[in-house]
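In our numbering, the protein residues as written are 94 to 232. All C-beta atoms in this analysis are idealised placements derived from N, C-alpha and C, irrespective of residue type, glycine included. First up is the structure itself, then whatever we jot down about it.
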Amino acid sequence: MVGINVFVTTISAERLWEIDRPLPSQVQIGVNINLVSFDQKSEQSIEALFLFTVSYVPSIAQINIRGKAHVAGEPKEITQMVEEHKQQKPPIPVIQAISSAAIAEAILISKTLGVPPPLPPLPPPGQDAQKPSPTRYTA
Numbered sequence: 094m095v096g097i098n099v100f101v102t103t104i105s106a107e108r109l110w111e112i113d114r115p116l117p118s119q120v121q122i123g124v125n126i127n128l129v130s131f132d133q134k135s136e137q138s139i140e141a142l143f144l145f146t147v148s149y150v151p152s153i154a155q156i157n158i159r160g161k162a163h164v165a166g167e168p169k170e171i172t173q174m175v176e177e178h179k180q181q182k183p184p185i186p187v188i189q190a191i192s193s194a195a196i197a198e199a200i201l202i203s204k205t206l207g208v209p210p211p212l213p214p215l216p217p218p219g220q221d222a223q224k225p226s227p228t229r230y231t232a
């Protein structure tokens, strides 16, 4: 079983929209996760540096969260993750752990800035709620 600990090291956020101007009725929110590095530290561990970015269109705010994820597991699991990363396939457990931690921070920051939170979209009416919506990660 793989254990992943996510540590946030830097948070930067800026509201670009004037406070006295009402926010636009339609805002597109883009979320991006970049693995800056993905280094095997030992047979049983990996350290991954990441940058989590939330951008808004129109430009009402920008949120950046940097940190590192420590991954520990059996040598076979660690080797498989390293191989997947070398083949340009994002290691899904690592991306999910980073996403969960960073999105929680970004939601709190968005409230402080007074901008819409970067929440995942709800499935359209009629779509099976149990079926996950397609999500794209960039690593």
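- The residue among Phe145, Pro115, Ile171, Pro183 with its C-alpha nearest the C-alpha of Ile139 is Ile171.
- Scanning its chain for C-beta atoms nearer than 8 Å, with the 5 sequence neighbours on each side dropped, one finds around Ile112 the residues Gly207, in chain order.
- DSSP places Ile202 within a helical segment (H, G or I) once states are collapsed to three.
- Excluding sequence positions up to five before and after Val147, its CB lies within less than 6 Å of the CB of Val124, Ile156, Ala199, Pro211, all in the same chain and listed in chain order.
- Within 10 angstroms of the beta-carbon of Gly96 lie fewer than 16 other beta-carbons, which makes it exposed.
- Burial of Val164 is indicated by the presence of at least 16 other C-beta atoms within 10 angstroms of its C-beta.
- Ranked by how close their Cα comes to the Cα of Lys204, the residues Val99, Val101, Gln180, Arg108 have Arg108 in first place.
- Annotation for Lys179: no residue places its beta carbon closer than 8 Å to its own, counting only its chain and skipping 5 residues before and after.
- Collapsing the DSSP output to three states places Ile158 in a strand.
- About 11 Å separates the Cβ atoms of Phe145 and Ile202, ruling out a contact at the 8 Å cut-off.
- For secondary structure counted as the alpha helix (DSSP H) over 4 or more consecutive residues, the region 137-199 holds these complete runs in sequence order: 168-179.
- Residue pairing from DSSP places Asp132 in a beta bridge opposite Glu140.
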